[in-house]
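First up is the structure itself, then whatever we jot down about it.
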Amino acid sequence: MLRQYELVDRVLSYDPEADEALLNRAYVFSVNAHGTQKRASGDPYFSHPIEVAGILTDLHLDDETIATAILHDTVEDTVATPEEIQRLFGDNVARMVDGVTKLSKIEAQSENERAAENLRKFLLAMSDDVRVLLVKLADRLHNMRTLHFIKSEEKRRRIARETMDIYAPLAERIGMYEFMKEMQTLAFRELEPEAYESITRRLDSFKIEGEDRIAKIASGLKLLLSRGGVEAELTGREKHPFSIWKKMSERHVSLEQLSDIMAFRAIVETEEECYRALGIIHRRWPMVPGRFKDYISTPKRNGYRSLHTSIIHAGDLRVEIQIRTRDMHARAEFGLAAHWAYKQDSVRPDTQVSWVRDLIEILEHAESPEELLEHTRMAMYQDRIFAFTPQGELIQLPKGATPIDFAYAVHSNIGDQAVGAKVNGRVVPLRTEIEQGDQVVILRSKAQQPQANWLNFAITGKARAAIRRHIRHKEREETVALGRKLYEEILQRLPTRAGASALKDALKRLKLADEASLMEAIARRKLTDAQVMEAIMPGSAEGLEHEEHPPQLHAIDIKGLTPGVAFTLSEGCRPVPGDRIVGVRRPGQPIEVHAITCSDLSQGEDEDWVDLTWGDKAEGGVARINVTLKNEPGALGTVATLIGQHKANILGLRMDNRDTTFHTNTIDVEVRNLPHLMKLLAGLRAADAVSSAERV
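Just so it is clear: in the sequence shown, position 635 is 1872 by my numbering, and no numbers are missing.
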């Protein structure tokens, strides 16, 4: 652990004007606040924030950020208060400490909700000052370095999974590749210990055999470039274990079959020399097709700039080479932190980067924790491509993006009004996948509105959040319209005509804000008819006080609907759990749930369809079957017995046709799910008395 003077000296070594008193106060305060607390390793707890601060001094970060790192656990784990931090260390440090403070005390119903709420608060804090993210990443990196001291395997795996899913991608998104690689390696070791051991063991043996080969290739490259007039610093290494495992998984090959586990880096003085070096290398060795990337002319969204190429070296060995300047290298290794590193007379950068703004916009409109996590992981994980507007503006998108994603990336209004697109001058459907370098023109109509089926091919969090926001608004309008119809029916049941002020009085009695809230409550069955009647006209619901709602279809577990929205199961196809299902919207009516094979669905017109799935707790449904029986005594009794033996229940029976040989019966039967129904039909078909048994 760094001693007080060692930490302060580190900061002063790169920032002579740092606030030495601030750093000393923070160190002493943290040590005293944490007192005798211990970590799982047995070390004093205050060693952790000091080590986090030490990690950040390697990035040459400013004194306020270092002080924040030293203090980041004091409010969460000691008796220190936010007010005390603000009084002693100032507004900036207090705000950043609050943003980094661990969020383990949040109580939620599910892991997803807890993770989403943590992420929501973290992103909001980060939106004020990106230095919060730098401290949090250093905090997570040190926790991962000491993860093996935690005894609970479940807790270790949870922390490792969270690191792999959220923190490593966040580090990548701000260009901190060294942080990302170390986090991925440590998380990989915990999550896939056997694969980790196997790969590192074989990498160790490769190092013994291949150190000379790496050195020879590096020196050969350096000599080649020097002869071509470009002086470069050359380094070579093997790729890190998680990167290798990922390639093995994606390509379904063994480590021995991977030909590109070595990477080399050439650092030159100027941008012009980057391109000259590239030309020299390509003239000497053949390039692997499709592996050249120019991130200098078109930087990654996190600001990363470099030339990437892969060549076929001697003996058919594939070698990856990165070419960049020293400034580009600093940004590549430490990303956003390089902007915050101390530089004499420098102007501080914008504290909020564009992709953070996108995430903030998404979380402001996310309906559920699951939706927030989905959109955020999308925004952090996806590989990027570049497309262009007709004016030449470059739009960065994830690989696999469509014109809908492009439209929402330009502006939400353009996305809402999209009816088609032109890609490179050719009219294409909105579901077309955009390729690298495409020019995209969005065709618009003011009459257009976002469609539910766009969710089938929109992949960016920003686009999906905007589409879902519109769908929720539309569903509420339809729910209110349905509630208004039901309200009119309730008025007809009143003993006398309600007066003009009845609605206003009812809202007061029910403590509802407005008319729409009442109509929505009626449609969602949050209020009984008796409650509404009593609110409109006190005393009018006598005898109806114990009125109960009919069985509510909302109790059926279906995913994809806004919670509480009114829906019914189609009488035509009678879907049961296990069927692929879709919802159909009709103005002023509940959403009608159909099996995807239902003949009532209009072919090719899916603009008002809602993709649905059965929830994990979905069980029970009524299916309609046609059973043709031999016209003989006891045949119908046999069917009834078989249905009972299969633990199903007859709810309705109708005889349709009867002749001297056969008779056909339509039976409504209650089953648990689709497999249960299939077993029942198979059992019926096996009976001698049954000629056929089919689902209607």
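Yeah, the Cβ is synthetic: ideal placement off N, Cα and C, and Gly gets one too.
For the beta strand (DSSP E) that residue i lies in, which residues bound it at each end?
i            : result
residue 1804 : 1804-1806
residue 1547 : 1544-1549
residue 1663 : 1663-1665
residue 1632 : 1631-1635
residue 1504 : 1499-1505
residue 1670 : Where residue 1670 is concerned, there is no enclosing beta strand (DSSP E), given that its DSSP letter is neither H nor E.
residue 1832 : 1828-1832
residue 1246 : Premise fails: residue 1246 lies in the alpha helix (DSSP H), 1241-1251, not in any beta strand (DSSP E).
Mind checking which residues open and close the alpha helix (DSSP H) that includes residue i?
i            : result
residue 1482 : 1478-1488
residue 1863 : No alpha helix (DSSP H) contains residue 1863, which is instead part of the beta strand (DSSP E) from 1858-1867.
residue 1284 : 1284-1294
residue 1912 : 1911-1922
residue 1265 : 1257-1271
residue 1317 : It is not in any alpha helix (DSSP H) - residue 1317 carries neither H nor E in the DSSP assignment.
residue 1875 : 1872-1882
residue 1336 : 1328-1337
residue 1650 : 1649-1653
residue 1766 : 1766-1773
residue 1519 : 1508-1521
residue 1305 : 1300-1308
residue 1747 : 1739-1747
If we count the other Cβ atoms within 10 Å of its Cβ and call it buried at 16 or more, is residue i buried or exposed?
i            : result
residue 1386 : exposed
residue 1922 : exposed
residue 1267 : buried
residue 1917 : buried
residue 1562 : buried
residue 1288 : buried
residue 1543 : buried
residue 1400 : buried
residue 1551 : exposed
residue 1519 : exposed
residue 1413 : buried
residue 1345 : Here residue 1345 scores only 31 on pLDDT, less than 50, and its place in the model is too uncertain to base an answer on.
residue 1556 : buried
residue 1380 : buried
CA-CA distance, residue i and residue j?
i            : j            : result
residue 1449 : residue 1547 : 20 Å
residue 1258 : residue 1423 : 36 Å
residue 1784 : residue 1860 : In this predicted model, residue 1784 has a pLDDT of only 47, less than 50, meaning its place in the structure is not dependable enough to derive any value.
residue 1904 : residue 1850 : 26 Å
residue 1514 : residue 1453 : 18 Å
residue 1335 : residue 1651 : 37 Å
residue 1600 : residue 1698 : Here residue 1600 scores only 48 on pLDDT, less than 50, and its place in the model should not be relied on; the value that follows carries that caveat. Their Cα atoms are separated by approximately 10 Å.
residue 1757 : residue 1830 : 20 Å
residue 1331 : residue 1239 : 23 Å
residue 1540 : residue 1564 : 12 Å
residue 1701 : residue 1301 : 38 Å
residue 1677 : residue 1656 : 13 Å
residue 1817 : residue 1832 : 6 Å
residue 1772 : residue 1703 : 37 Å
residue 1510 : residue 1467 : 7 Å
residue 1324 : residue 1304 : 14 Å
residue 1326 : residue 1263 : 8 Å
residue 1673 : residue 1623 : 5 Å
residue 1559 : residue 1528 : 11 Å
If you drop the 5 nearest sequence neighbours on each side, which residues of the same chain put their C-beta closer than 6 Å to that of residue i?
i            : result
residue 1926 : 1866, 1867, 1872 and 1875
residue 1337 : 1309, 1369, 1372 and 1373
residue 1278 : 1383 and 1386
residue 1397 : 1424, 1427 and 1428
residue 1714 : none
residue 1329 : 1301
residue 1791 : Bear in mind that the predicted position of residue 1791 carries a pLDDT of just 39, short of 50, making it unreliable; the figure below should be weighed with that in mind. Once the five neighbours on either side are set aside, residue 1791 has no close Cβ partner at all.
Who are the Cβ neighbours of residue i in its own chain at under 8 Å, not counting the five residues just before and after it?
i            : result
residue 1694 : 1639, 1641, 1667 and 1668
residue 1318 : 1312
residue 1928 : 1865, 1866, 1867 and 1899
residue 1770 : 1727, 1730, 1731, 1777, 1778 and 1781
residue 1716 : 1756, 1757, 1760, 1761, 1802 and 1803
residue 1473 : 1451, 1452, 1454, 1455, 1499, 1500, 1501 and 1502
residue 1691 : 1641, 1667, 1700 and 1704
With a CB to CB cut of under 7 Å and the five nearest residues on each side skipped, what residues in its chain are close to residue i?
i            : result
residue 1425 : 1433, 1478, 1479 and 1482
residue 1523 : 1548 and 1549
residue 1416 : 1374, 1378 and 1408
residue 1627 : 1676 and 1678
The ligand ADP heavy atoms versus the CB of residue i: any closer than 6 Å?
i            : result
residue 1375 : Ligands in the displayed structure: none, and consequently the ligand ADP is not present.
- Enumerate, from N- to C-terminal direction, the unbroken alpha helix (DSSP H) stretches of 4 or more residues contained entirely within the region 1364-1419. 1368-1382, 1390-1399 and 1405-1410
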